[in-house]
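> Per the numbering used here, the sequence shown starts with residue 267, numbered consecutively. Please see the structure below; I have some questions.
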Amino acid sequence: MDIKIIGAGLGGLAASCLLAHKGHDVTILEKNSSPGGKINEISIDGYRFDTGPSLLTMPFILEKLFEYCDTKISDYLDIQSVDPICRYFYPNGIQFDCYQDTCLNTAQIQEFAPNDVQAYKQFISYAEQLFERTKDAFLYNPLYGLSDLGNLDFTDFFKIDAFQTVSGRIDKQFESKELQQFFKRFTTYNGSSPYRAPATLNVIPYVELSLGGYYLDGGMYSLIKALTSLAESKGVNIQYDTEIKQINTVDDTIKGVTDGDGNIHSADIVVSNSDASETYLSLVNKEDISLLKRKKVANVEPSCSGFVLMLGVEKSYNALTHHNIFFSEDYKQEFKQIFEDKVMPEDPTIYIANTSHTNPQDAPEDSSNLFILVNAPYLSDNIDWEKEEKRYKKQIIRKLQEHGLTDLSDHIKYSNTITPKDFYQKYRSNKGSIYGTSSNSKLAAFMRPKNKSRSVKGLYLVGGSTHPGGGIPLVTLSAFHAVELINRFEE
Ligand SMILES: Cc1cc2nc3c(=O)[nH]c(=O)nc-3n(C[C@H](O)[C@H](O)[C@H](O)COP(=O)(O)OP(=O)(O)OC[C@H]3O[C@@H](n4cnc5c(N)ncnc54)[C@H](O)[C@@H]3O)c2cc1C
């Protein structure tokens, strides 16, 4: 079959490999001049930065992708475990190095929160149970039709802790403010608020703490280089600088797509890696989907966005490891500002990836490549990014200096920012969201756009805005689901 894929983000590339391996004739049409979407990199003056993800979890899902294509991931990528996974700095001076080894963690907790040592162990086992109960239903399942629900144990649905919030559950478990803040942080991995998202998302700490945190030798962009090379080896044609403006149909059935220059690309099947809201609201003809569906898509709450500051610094900071978090004083207020007030938090939690700690070639000698990320609200009229960008950059640098990165501003040799506006303009992500849709409601897992359109025959969707969600492992799963549905409905 002739398959056109809109977008060479992770979802589009993964789907292209799987489909081309099955013998389909696959072309990816990408608006930008390089592949990867939000997974990208900048190299300048000896500094290299990944501009998107810095942490890989569940690498076995990527392994499965390469295996499906009859090849070995180790021929393409060197996956390395990062330990400590992350260093946490609290406003009161406590520092917590989180390792994959529980004993190393509990030894530190014994020092700063002795009453919570047992609670920590219990929480990890509760999170593991959540993972076991949710993985088949919500991750490894396309959740498209009744047949997908057939093998599921419905009693599990009542045991996934969906009736309280992440925060509510954590506050009951831990006495220490430090551990409360630590465990609430994981909800941001899918761009949601711990004060609104269901406690089911407490599954995320299990994924990182027990299944591990990983990094790719050479940087996260190696993943995109590997997938591009795998796709091309399977015959996939990638056409860059080609923005798709319309999905063409006749009688609600796919016929192809039209690009910005008016060229028509015919297709039997279209897989859209463009954000689902963009696909349904801007690319599909209005007549092809019902008003109800359009309203439903328009009402899906995007995940949060991010404010990224990349600093090439002629100094190295011994306090920093590979992944670092500087927590805010008042977490609840921070999330209120991001998700309710939709303004930048006055006192943000700051994440820093300092990959030159692991990959010295990412920065010149005695220098650091600091990738700094702060959660930001998705785009609204509340922030004018033309004005806010400079002000906020100064605020972050000032705060990091107060937290021990002394003289930071005097040693900056390169700096660049990415704002929520850029995430929309560059990648067409819904309101600049970085993880697709939020999980800020109990039903979010069921509300996410499916990997096959029910309105347009032959239209499939992949990527972080679709089922099962954002982040590298889930986006890769979205490609598997789309391909499974193509096999089911088209062959
Ligand atoms: C700052 C940041 C940090 C992150 N950290 C992590 C992390 O540590 N770990 C993790 O697992 N995940 C992380 N993520 C999330 C992860 O990067 C995303 O979930 C994932 O990369 C999204 O992939 P996608 O397939 O949805 O495609 P996208 O990256 O959204 O790419 C879509 C592609 O489609 C193209 N496109 C869109 N519309 C059109 C059109 N009309 N015509 C042609 N082309 C089009 C775009 O140009 C783009 O190339 C992070 C993301 C960001 C931004």
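For each residue, glycine too, the CB sits at the ideal point set by N, CA and C.
Helix, strand or coil, according to DSSP, for Gln439 in the structure here?
helix
> Is the beta carbon of Asn620 within less than 6 angstroms of some heavy atom of ligand 1?
No; taking the cut-off as 6 angstroms, the Cβ of Asn620 has no heavy atom of ligand 1 nearer than that.
> Helix, strand or coil: how does DSSP classify Glu307 here?
strand
> So, helix, strand or coil for Arg720, using DSSP?
coil
> Ile305 and Pro319 - do their beta-carbons sit closer together than 7 angstroms?
In contact: Pro319 and Ile305 (Cβ atoms closer than 7 angstroms).
> Leu489 and Thr323 look like a contact to me (Cβ under 8 angstroms); what is the Cβ gap, rounded to whole Å?
With a Cβ gap of about 13 angstroms, Leu489 and Thr323 do not count as contacting.
> Tell me the DSSP secondary structure of Tyr658 in three-state form.
helix
> Going by C-alpha to C-alpha distance, which of Asp525, Asp344, Gly698 sits closest to Ser571?
Among Asp525, Asp344, Gly698, the Cα nearest to that of Ser571 is on Gly698.
> Can you give me the C-alpha to C-alpha distance between Ala274 and Ala642, rounded to a whole angstrom?
25 angstroms
> Can you check whether the CB of Glu654 is closer than 7 angstroms to the CB of Thr683?
no
> Any heavy atom of ligand 1 closer than 6 angstroms to the CB of Ala274?
yes
> Can you name, in chain order, every residue of its own chain whose Cβ lies under 7 angstroms from the Cβ of Ile662, other than the five neighbours on each side?
Leu575, Ile616, Ile638, Val640
> Among Ala629, His531, Asn584, whose alpha-carbon lies nearest the alpha-carbon of Ile271?
His531
> Which residues in the same chain as Gln603 place their Cβ atom closer than 6 angstroms to its Cβ, once the five residues preceding and following it in sequence are excluded?
Val609, Pro611
> Let's see if you can read the secondary structure: which residues bound the alpha helix (DSSP H) around Asp688?
686-693
> Quick one: give me the first and last residue of the alpha helix (DSSP H) that Val516 is part of.
Not the alpha helix (DSSP H): Val516 falls in the beta strand (DSSP E), residues 510-516.
> Could you spell out the range, first to last residue, of the beta strand (DSSP E) harbouring Asp316?
313-316
> In the DSSP assignment, the beta strand (DSSP E) including Phe397 goes from what residue to what residue?
Unbroken run through Phe397 is the alpha helix (DSSP H), 383-400; no beta strand (DSSP E).
> I'd like the ranges of any alpha helix (DSSP H) spanning at least 4 consecutive residues and lying wholly in the region 571-608.
DSSP runs (the alpha helix (DSSP H)) wholly in the region 571-608: 597-601.
> If you run the structure through DSSP and keep just helix, strand and coil, what is Asp676?
helix
> Taking the alpha-carbon of Cys352 as reference, which of Arg451, Gln627, Gly702 has the nearest alpha-carbon?
Arg451
> Identify every residue that forms a DSSP beta bridge with Ala745.
Bridge partners of Ala745: none, in fact.
> From Leu743 to Gly312, what does the alpha carbon distance come to, in whole angstroms?
35 angstroms
> What's the C-alpha gap between Tyr701 and Ala286?
Using only the alpha carbons, I get a separation of about 27 angstroms.
> Just to confirm my understanding: we take Trp651, look at its own chain, exclude 5 residues before and 5 after, and list those with CB closer than 6 angstroms. What are they?
Thr685, Lys687
> Relative to ligand 1, is the shortest distance from any of its heavy atoms to the C-beta of Arg694 smaller than 6 angstroms?
yes
> Where do the N-terminal and C-terminal ends of the beta strand (DSSP E) with Ile638 fall, by residue?
634-642
> Pick from Ser300, Leu321, Ile510, Val292: whose alpha carbon is nearest that of Gly485?
Leu321
> Run the CB neighbour count on Tyr506, radius 10 Å, all protein chains shown included, and call it buried at 16 or more, exposed below.
exposed
> On the DSSP bridge list, what partners appear for Phe362?
Tyr354
> Just to confirm my understanding: we take Pro471, look at its own chain, exclude 5 residues before and 5 after, and list those with CB closer than 8 angstroms. What are they?
Result list for Pro471: Phe389, Ile390, Ala393, Phe449, Phe452, in chain order.
> Relative to ligand 3, is the shortest distance from any of its heavy atoms to the C-beta of Ala711 smaller than 6 angstroms?
Absence of ligand 3 is noted for the structure shown, with ligand 1 being the only ligands found.
> Grab the span of the alpha helix (DSSP H) containing Gln376 for me, first residue to last.
Per DSSP, Gln376 belongs to the alpha helix (DSSP H) from 368-378.
> Rounded to a whole number of angstroms, what is the C-alpha to C-alpha distance between Leu409 and Phe746?
Going from the Cα of Leu409 to the Cα of Phe746 covers about 12 angstroms.
> Do three or more CB pairs link the region 700-716 to the region 456-476 at distances below 8 angstroms?
yes
> Would you kindly work out how many angstroms separate the C-alpha atoms of Lys562 and Ala542, rounded to a whole number?
11 angstroms
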